[in-house]
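Residue numbers (my numbering): 3 to 498. Ideal Cβ positions, reconstructed from N, Cα and C, are used throughout, including at glycine. All values derive from a computational prediction rather than experimental measurement. Below is one structure, written out as structure tokens, with a few remarks after it.
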Ligand SMILES: [Zn+2]
């Protein structure tokens with residue numbers, strides 16, 4: 003039986019976002035489990051839709067001895083601080099040295115980490131790990147769908163496998179796939195051939211969704227090429243808000259035969275290139291979206307996706323542009339989630355359910371944002387502890403701190419003390435709001451919400467209210483991308 007080290011590190015860095023990821027953000031974990039080390043692994047992730055959970059299940063199931071390292075994740079934000087990176091990577095390397103001789107290594111990585119001192123957090127992590135374990139030990143990682151993959155990441159690992167869904171309903175399944183690949187490398191004792199190719203355009207988050215074309219079709223074709231050739235392929239559409247040369251989409255693959263592996267990756271690349279213009283859709287201004295939603299017939303809710311303030315992409319989850327538009331448009335039966343404002347939640351708890359309050363809500367963390375001032379009624383209070391129910395977060399233990407449901411006119415706002423994407427119906431139900439009964443649901447999320455809300459919505463409108471995750475990457479003031487990269491599909495070309 004083999005001795006296999008397992009660990010993980012996740013951060014998706016929006017280099018244009020207002021707040022950095024400190025060590026404390028990783029210690030708490032945001033919407034993720036907090037930092038885990040050692041034996042705690044076996045209970046912390048059990049039953050969760052996370053790659054580490056799937057990998058542990060497969061590797062343990064095969065009878066191997068697992069040596070847990072550190073696992074940590076923080077909510078997407080601006081750069082990871084040098085302190086946080088060095089402390090966590092230091093723990094991982096210490097744990098690896100303490101583990102003694104190992105036969106293989108699995109890492110649960112995101113793959114889009116920019117730190118205060120490094121462009122490519124994962125490439126450097128893998129390089130340092132190789133310096134400890136040597137180049138022979140099989141090293142496999144899973145990667146997020148939004149990984150910004152670099153040549154160093156490819157060089158210092160033997161095999162990487164990306165998620166195939168956005169919303170990410172296959173995180174656990176990807177961990178299992180990566181673990182199975184690791185077991186096959188252990189068995190054959192042969193390093194696979196690899197090929198990595200970048201794609202020449204950035205893909206906006208709202209149009210990366212795999213519940214729609216073109217992404218759905220591309221992943222069907224990816225699976226067909228794999229079945230035909232035996233290559234292990236990934237298409238990572240990338241996280242288009244990181245100002246460094248390897249920001250963007252990529253395809254890569256692994257196989258036993260160099261020629262066949264190359265051909266499989268090239269075929270996949272051609273498929274993505276051919277569909278470039280399809281990564282597009284309509285984006286509404288906030289007032290236009292509210293008016294359009296109010297024109298729709300009663301019945302199922304219309305979802306307004308506040309994509310630019312998505313805390314899953316570096317948004318502060320407290321901008322007020324869409325809330326202002328809902329109130330200005332006299333929306334009725336409208337509910338918004340999640341407004342991150344610990345002070346407002348505290349004020350609501352102090353005032354009590356049923357009380358009237360005048361306060362400035364949200365709008366605190368980004369430059370140029372301001373709180374929404376108004377008179378609210380405290381409709382309901384919550385402790386922020388509940389269990390996720392949707393396809394992505396079902397079973398996840400939420401801990402959003404003190405929460406409150408504040409009403410202004412026909413608009414109700416779910417206020418929380420910690421950030422989480424408005425992507426699971428349980429967030430509303432915790433405060434007594436029944437999502438299917440609302441006329442308008444305003445969600446601070448880009449795509450993840452679709453897993454749980456598309457089935458109950460009559461339509462989904464993507465809205466461009468102020469926030470840190472610009473819906474059109476061409477709007478970011480990039481300075482350090484690769485020359486020639488198109489800033490959106492068929493869009494303007496980056497020139498330094
Ligand atoms: Zn992602």
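Measuring alpha carbon to alpha carbon, tell me which residue in 182, 168, 130, 175 is nearest residue 142.
Along the chain shown, read from residue 1 onward, the residue named residue 142 stands at position 140. When only C-alpha atoms are compared, the closest one is 182.
With a threshold of 6 Å (Cβ to nearest heavy atom), would residue 455 be considered close to ligand 2?
By its list of ligands, the structure shown excludes ligand 2, since it contains just ligand 1.
Are the CB atoms of residue 204 and residue 465 nearer to each other than 7 Å?
Within the chain shown, residue 204 is the residue found at index 202, counting from 1. Within the chain shown, residue 465 is the residue found at index 463, counting from 1. With respect to residue 465, residue 204 sits apart: the two C-beta atoms are not nearer than 7 Å.
Classify residue 210 as buried or exposed, calling it buried when 16 or more other Cβ atoms lie within 10 Å of its own Cβ.
For the purposes of this step, residue 210 is taken as the residue at position 208 of the chain shown. Per the 10 Å Cβ criterion, buried.
Which residues neighbour ligand 1 when neighbourhood means a C-beta less than 6 Å away from any of its non-hydrogen atoms? List them by chain order.
The set, ordered by position in the chain, is 146, 147, 148, 170.
Rounded Cβ spacing between residue 341 and residue 416 (contact assumed at less than 8 Å):
As a first step, residue 341 is located in the chain shown; it is residue number 339 there, counting from the start. As a first step, residue 416 is located in the chain shown; it is residue number 414 there, counting from the start. Rounded, the Cβ-Cβ distance is 7 Å, consistent with contact.
Tell me whether residue 155 sits in a helix, a strand or coil according to DSSP, three-state version.
In the chain shown, counting from the first residue as 1, residue 155 sits at position 153. Helix.
Taking only the alpha-carbon atoms, compute the straight-line gap between residue 134 and residue 90 and give it to the nearest angstrom.
Within the chain shown, the letter at position 132 stands for residue 134. Within the chain shown, the letter at position 88 stands for residue 90. Each residue's alpha carbon lies about 16 Å from the other.
Just to confirm the assignment, what range does the beta strand (DSSP E) spanning residue 195 have?
Locating residue 195 in the chain shown gives position 193, counting from the first residue. Looking at the DSSP string, the run of the beta strand (DSSP E) that includes residue 195 is 195-200.
I'd like to know if the segment 74-89 and the segment 425-438 are in contact, where contact means that at least 3 CB-CB pairs between them fall below 8 Å.
No, the segment 74-89 does not touch the segment 425-438.
By the three-class DSSP mapping on this structure, what secondary structure does residue 232 have?
Start at 1 with the first residue of the chain shown, and residue 232 comes out as number 230. Of the three classes helix, strand and coil, the one that applies to residue 232 here is coil, per DSSP.
Would you say residue 255 and residue 150 are within 7 Å of each other, going by their C-beta atoms?
Reading the chain shown from its first residue, position 253 is the one you call residue 255. Reading the chain shown from its first residue, position 148 is the one you call residue 150. Cβ distance not < 7 Å, so residue 255 and residue 150 don't count as in contact.
What does a CB cutoff of less than 6 Å around residue 493 pick up in its chain, not counting 5 residues either side in sequence?
Position 491 of the chain shown, counted from the start, is the residue given in the question as residue 493. Excluding positions up to five away in sequence, the list reads 476.
Which of helix, strand or coil does DSSP assign to residue 87?
Within the chain shown, numbered from 1, the residue matching residue 87 stands at position 85. Residue 87: helix per DSSP, three-state reduction.
Report yes if the CB atom of residue 484 is closer than 7 Å to the CB atom of residue 247, and no otherwise.
Here residue 484 is taken as the residue at index 482 of the chain shown, counted from 1. Here residue 247 is taken as the residue at index 245 of the chain shown, counted from 1. Yes, Cβ-Cβ distance for residue 484 and residue 247 is below 7 Å.
Which of the three DSSP states, helix, strand or coil, is assigned to residue 44?
For the purposes of this step, residue 44 is taken as residue 42 along the chain shown, with counting starting at 1. In this structure, residue 44 counts as helix in the three-state DSSP scheme.
Residue 339 beta carbon less than 7 Å from that of residue 292:
Looking up residue 292 in the chain shown gives position 290. Looking up residue 339 in the chain shown gives position 337. For residue 292 and residue 339, no; Cβs fall outside 7 Å.
Which full runs of the alpha helix (DSSP H) of 4+ residues lie inside the segment 6-56, going along the chain?
If only uninterrupted alpha helix (DSSP H) runs of at least 4 residues are considered, those enclosed by the segment 6-56 are 25-30, 43-46.
Pick from 64, 136, 16, 251 that is closest to residue 147, judged by C-alpha positions
Against the chain shown, residue 147 aligns to sequence position 145. From the listed residues 64, 136, 16, 251, the smallest Cα separation to residue 147 is found for 251.
Tell me the DSSP bridge mates of residue 375?
Along the chain shown, one-based indexing puts residue 375 at 373. Beta-bridge annotation (DSSP): residue 375 is paired with 362.
At least 3 beta-carbon pairs within less than 8 Å: the segment 429-443 vs the segment 169-186
Contact fails between the segment 429-443 and the segment 169-186, because fewer than three Cβ pairs, one in each stretch, are under 8 Å apart.
By Cβ distance below 6 Å, which residues in the same chain neighbour residue 19 in space, the five residues on each side in sequence not counted?
By 1-based counting over the chain shown, the position of residue 19 is 17. For residue 19, where only same-chain residues beyond five positions count, the Cβ hits under 6 Å are 79, 80, 316, 470.
Just how far apart, CA to CA, sit residue 242 and residue 473?
Translated into the one-based positions of the chain shown, residue 242 becomes position 240. Translated into the one-based positions of the chain shown, residue 473 becomes position 471. Cα to Cα, the separation comes out at about 10 Å.
For the pair the segment 407-416 and the segment 448-464, tell me if three or more CB-CB distances fall below 8 Å.
The segment 407-416 is not in contact with the segment 448-464.
For residue 220, three-class secondary structure by DSSP
Here residue 220 corresponds to residue number 218 of the chain shown, with the count starting at 1. DSSP, reduced to helix, strand and coil, places residue 220 within a helical segment of the structure shown.
For the segment 150-163 against the segment 182-191, are there 3 or more C-beta pairs whose distance is under 8 Å?
At 8 Å Cβ cutoff, the stretches touch.
According to the Cβ coordinates, are residue 347 and residue 447 closer than 7 Å?
Taking the chain shown and counting its residues from 1, the one referred to as residue 347 is at position 345. Taking the chain shown and counting its residues from 1, the one referred to as residue 447 is at position 445. Result no, Cβ atoms of residue 347 and residue 447 do not sit closer than 7 Å.
Buried or exposed for residue 236, going by 16 or more other Cβ atoms inside 10 Å?
In the chain shown, the residue the question calls residue 236 occupies position 234. Per the 10 Å Cβ criterion, buried.
Element boundaries [alpha helix (DSSP H), containing residue 433]:
The residue labelled residue 433 in the question sits at position 431 within the chain shown. Careful: residue 433 lies outside any alpha helix (DSSP H) and carries neither H nor E.
I need the DSSP call for residue 498, collapsed to helix, strand or coil.
Position 496 of the chain shown holds residue 498. Coil at residue 498, not helix or strand.
Going by beta carbon distance, what residues of the same chain come within less than 7 Å of residue 130, once the five residues before and after it are set aside?
Position 128 of the chain shown, counting from 1, holds the residue named residue 130. The answer, listed in chain order, is 91, 95.
By Cβ distance, which residues of its chain are closer than 7 Å to residue 64, with the 5 residues on each side in sequence left out?
The residue labelled residue 64 in the question sits at position 62 within the chain shown. Excluding positions up to five away in sequence, the list reads 185.
With a threshold of 16 other CB atoms inside 10 Å of the CB of residue 119, please say whether the residue is buried or exposed.
As a first step, residue 119 must be located in the chain shown, where it is residue number 117. With fewer than 16 other Cβ atoms within 10 Å, it is exposed.
Please confirm whether residue 189 and residue 253 have their CB atoms less than 7 Å apart.
Your numbering for residue 189 matches position 187 in the chain shown. Your numbering for residue 253 matches position 251 in the chain shown. No, the pair does not count as a contact, with Cβ atoms beyond the cut-off.
Could you check the C-alpha separation between residue 126 and residue 311 for me, to the nearest Å?
In the chain shown, residue 126 corresponds to position 124, counting from 1. In the chain shown, residue 311 corresponds to position 309, counting from 1. Each residue's Cα considered, the two are about 30 Å apart.
What are the boundary residues of the beta strand (DSSP E) that residue 399 is part of?
In the chain shown, the residue the question calls residue 399 occupies position 397. For residue 399, the enclosing beta strand (DSSP E) begins and ends at 399-401.
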